[in-house]
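Worksheet: the structure to be examined is printed underneath.
Dropping the structure here:
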């Protein structure tokens, strides 16, 4: 264990994929591994949708899957946004399935084939914060365009006594402004924590087996069992985090469309 | 105590908050299951609220984790 210190944060390094840096006016716009895996996720999502848009009267299995996915998002939007919510279904659908596929591609154990490590796109705050601010921007735009300045009555819950207003309004304002940060942070930390956990157990396996002692072998085997268990939990967390992101965006849109 | 030692102790103390939020998450799911076993027909309609409660309590645990990571990897020379 002397020379081989395995750093669990090294798997999140973003670096250019074709070995070259491309500079434009001092900004580094090279094609990174993060961009490559975003393209992979978009291509997978495209293949999934195109394979299912077949319009057979009696649907085959792939068409059933895509119809089930669209129906799931449709029901989530209609339950959580209510009237006037159907026009947000394409955005919520793209958001949910992009995040879900990006999370799942990041957990794929393709590294058995040497050199083919998958990169978790959503394990960077830059990606998740952009998605969260995009959702928040849509909420603000919808609220302000639809209601004008009456949108700020969102911070004044009706039924509260007047003398409580100087306390309630700043609290409501702060909790409203924290929303995009909490959305992005939740997804980012869940993915990063899961990947660090997997890498730590992986380092136990490598160092256990390479130590040569029987105790090291036992530690390696037990850690491998933990990797299998944690990977199963990671699959669940990927799906739940994608669902929570889309659900909370729908709820914030409900607030913006209906103002209470 | 050296600075590095204090950093590691601080990160360990921040990680206690993650265990506390685990109690909160278990409380959310436990209450849901208890109610669902008493009234199974109404359980499916409330699943959305279950996930909202889970997200809120998990967020606070993740914030404690972020504090630990900040201490370990961001603060310091």
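Protein chains in written order, with the working numbering: chain G, 1 to 260; chain C, 1001 to 1077.
Cβ coordinates follow ideal geometry from the N, Cα and C atoms, glycine included.
Fair warning: this is a prediction, and the values are worked out from it, not measured in the lab.
query: Residues in the same chain with beta-carbon distance under 7 Å from residue 160 of chain G, minus the five sequence neighbours each way, listed in chain order, please.; result: 168
query: I'd like to know whether the C-beta of residue 1051 of chain C is nearer than 8 Å to at least one C-beta of chain G.; result: yes
query: Should the region 194 to 201 of chain G be called in touch with the region 1013 to 1021 of chain C, which here means at least 3 C-beta pairs below 8 Å?; result: no
query: Under a Cβ-count criterion, where at least 16 other Cβ atoms within 10 Å of its own Cβ denotes burial, should residue 2 of chain G be classed as buried or exposed?; result: Because the pLDDT at residue 2 of chain G is just 47, under 50, the model does not fix this residue reliably, and the point stays unresolved.
query: Beta-carbon separation of residue 121 of chain G and residue 137 of chain G under 8 Å?; result: no
query: Output the distance between the C-alpha atoms of residue 1061 of chain C and residue 9 of chain G, rounded to the nearest integer angstrom.; result: 20 Å
query: Quick check: the Cα distance between residue 58 of chain G and residue 237 of chain G, rounded to an integer number of angstroms?; result: 34 Å
query: Just to confirm my understanding: we take residue 18 of chain G, look at its own chain, exclude 5 residues before and 5 after, and list those with CB closer than 7 Å. What are they?; result: 31
query: Pick helix, strand or coil for residue 24 of chain G, following the three-state DSSP scheme.; result: strand
query: Given a threshold of 16 other Cβ atoms within 10 Å of its Cβ, counted over all protein chains shown, does residue 46 of chain G qualify as buried or as exposed?; result: exposed
query: When you compare the region 243 to 250 of chain G with the region 173 to 189 of chain G, are there three or more beta-carbon pairs, one atom per stretch, that lie closer than 8 Å?; result: yes
query: Please list the segments of the alpha helix (DSSP H) lying wholly inside the region 69 to 120 of chain G, counting only runs of 4 or more residues, in order along the chain.; result: 89 to 107
query: Below 8 Å between beta carbons is the criterion; list the residues of the region 1012 to 1028 of chain C that meet it against any residue of chain G, in chain order.; result: none
query: If the cut is a Cβ gap below 7 Å, which residues of chain C does residue 179 of chain G touch?; result: Chain C residues near residue 179 of chain G: none, gap ~11 Å exceeds 7 Å.
query: Ends of the alpha helix (DSSP H) at residue 146 of chain G?; result: 125 to 147
query: Can you check DSSP and say which residues form a bridge with residue 16 of chain G?; result: G:32
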